[in-house]
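Here's the structure we're looking at; comments come further down.
Protein chains: 2
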Amino acid sequence: MNAPNLRLGDLQLRILEILWDRTEASVADVHAVLKPERELAYTTVATMLRKMEARELVGHREEGRTFLYRALVQADAVTRSAGEHFVGRLFEGSLADAVSHLLTTREVSRTELDQIEKLIREAKRRAK
Amino acid sequence: MNAPNLRLGDLQLRILEILWDRTEASVADVHAVLKPERELAYTTVATMLRKMEARELVGHREEGRTFLYRALVQADAVTRSAGEHFVGRLFEGSLADAVSHLLTTREVSRTELDQIEKLIREAKRRAK
DNA sequence: GCCACACTACTACCGCAGTAGTATTACCAC
DNA sequence: GTGGTAATACTACTGCGGTAGTAGTGTGGC
Chain E
1 MNAPNLRLGD LQLRILEILW DRTEASVADV HAVLKPEREL AYTTVATMLR KMEARELVGH
61 REEGRTFLYR ALVQADAVTR SAGEHFVGRL FEGSLADAVS HLLTTREVSR TELDQIEKLI
121 REAKRRAK
Chain S
1001 MNAPNLRLGD LQLRILEILW DRTEASVADV HAVLKPEREL AYTTVATMLR KMEARELVGH
1061 REEGRTFLYR ALVQADAVTR SAGEHFVGRL FEGSLADAVS HLLTTREVSR TELDQIEKLI
1121 REAKRRAK
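Residue numbers (my numbering), protein chains in the order written: chain E, 1 to 128; chain S, 1001 to 1128.
This is the structure in C-alpha cells:
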C-alpha cells in the first residue's frame, strides 16, 4: 500500500478537512469555506489542489467544466501518522510520556480528565 | 517574549536534543553524535547550526577558534509547542480526542496504561 | 618559516509548501 | 455570434529545511 507521504502543511491539512466534511468540493467551494479564515486567491486554492493531486492526496472527477475534488487519504491515516511522529519523535515512543506532557502543559478540564480515564479503562478491558 | 518560530525540521530537532544533552557542543561534537545515525557532511551540520542561530534557536560563544553552541530554546517549549499544534490542529483542541486516538491506533502496553491512569489521578488531585 | 589541519564563511542547489499572476478555454446570456 | 464570466493550465517566486562543496584563515607541529 503506497501510503503517500503524509507530512502535510497547514493549508493542505485544512483543505483535506474541508474535503472530509463534504466528500466532494469544487475549487470554488473550498475557496469559499477558506474565505473567512484566510484571504487566499482563488488560483492559490486551485494550485494547491493540483499539487495535492500530484501527491495523490486528493483526486478529482469532472462535472462539466468543473473539477470536483475528493480526499484520497483518510482522516484516520493522517492523524495516525501525525500521532506516530509526535510520540515517536518527541517522546521516544513513550505514549505515557507524551500524555504526561500534554497533561502538565495544558489546561485540562475535569470533564476531559474523566473522559480520558474512561478511555483508559476501556483500553484495559479490550487488552485483557 | 518572542518565542522564536518553533516549527522544527527533523534534523533541527535532533540537533537541539544533542545540545540539551550536553549544554554546549562544537560542530565537531554534534557531527560526531549524529555520525552513526545519519551520514552527514561536517559542513552540513555547521550550516544547519548557523541557520538555527539566525532563527535564534541556538547561540554560540567562541572558545579559541571553535564555536561552542548551546540551545536557546528549552526542550519544554518545543514539546509544548508541538503538543499544542498536534492537539489543536488535528483534534480541535480536545485532549481527550487526541488521547483517544493515540490509544486506539497504537499498541499500548499494560504498563503504559497503568502509568497514564496514575497520571490522570494525579492531575485530578492537583486540580481539586 | 612553512605546511597541514581544523574551523568558519559563503554560495549553491533541491524539494516542497504557499502564494498568486497571466493565459487559455468553454459556456451562457442576450 | 459576441462578450463577459468562470474554470483550469502554466509559470513564477519566496521561504525554509536539508545538504554539501569551496574558499578563506588562524594555529600548532616540526
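Glycine included, every Cβ here is placed at the ideal spot set by N, Cα and C. Since this is a predicted model, take the numbers as computed values, not measurements.
Inset, instruction - Using 10 angstroms around the beta-carbon of residue 1127 of chain S, count the other beta-carbons present and answer buried if the total reaches 16, otherwise exposed. - result: With fewer than 16 other Cβ atoms from the protein chains shown falling within 10 Å of its own Cβ, residue 1127 of chain S counts as exposed.
Inset, instruction - Determine whether the Cβ of residue 87 of chain E lies closer than 8 Å to any Cβ atom of chain S. - result: Interface annotation, residue 87 of chain E: in contact with chain S, CB-CB separation under 8 Å.
Inset, instruction - Would you mind working out which of E:77, E:120 and E:54 sits nearest residue 1090 of chain S, comparing C-alpha positions? - result: That would be E:77, whose Cα lies nearest to the Cα of residue 1090 of chain S.
Inset, instruction - Can you grab the Cα-Cα spacing for the pair residue 109 of chain E / residue 66 of chain E, in whole Å? - result: Their backbone Cα atoms lie some 46 Å apart in a straight line.
Legend entry - Segment contact flag, the stretch 53-68 of chain E with the stretch 11-30 of chain E, C-beta cutoff 8 Å, min 3 pairs: Enough Cβ pairs lie closer than 8 Å, so yes.
Inset, instruction - Output the boundary residues of the alpha helix (DSSP H) element that contains residue 1017 of chain S. - result: Counting along the chain, the alpha helix (DSSP H) containing residue 1017 of chain S begins and ends at 1010-1022.
Legend entry - Rounded C-alpha distance that separates residue 1098 of chain S from residue 124 of chain E: When rounded, the distance between both Cα atoms is 18 Å.
Legend entry - Under 8 Å between C-beta atoms of residue 1049 of chain S and residue 1018 of chain S: Contact: no.
Legend entry - Chain-order list of residues whose beta-carbon lies under 8 Å from that of residue 1012 of chain S (same chain, five-residue window excluded): Taking residue 1012 of chain S as the centre and dropping the five residues before and after it, the same chain places the C-beta of 1048, 1052 and 1057 closer than 8 Å to its C-beta, in chain order.
Legend entry - Contact under 8 Å by Cβ, residue 1113 of chain S with residue 120 of chain E: Judged by beta-carbon spacing, residue 120 of chain E lies within the 8 Å limit of residue 1113 of chain S, meaning their Cβ atoms are closer than that value.
Legend entry - Entirely enclosed beta strand (DSSP E) segments - the stretch 1030-1096 of chain S, minimum 3 residues: Positions of the beta strand (DSSP E) runs, each at least 3 residues long and wholly inside the stretch 1030-1096 of chain S, are given as 1058-1063 and 1066-1071 in order along the chain.
Legend entry - Local Cβ density within 10 Å of residue 79 of chain E, reported as buried at 16 or more and exposed below that: Label assigned to residue 79 of chain E: buried.
Legend entry - Cβ separation of residue 1086 of chain S and residue 82 of chain E, assumed to be a contact under 8 Å, to the nearest whole Å: With 8 Å as the limit, residue 1086 of chain S and residue 82 of chain E qualify as a contact, their Cβ atoms being about 6 Å apart.
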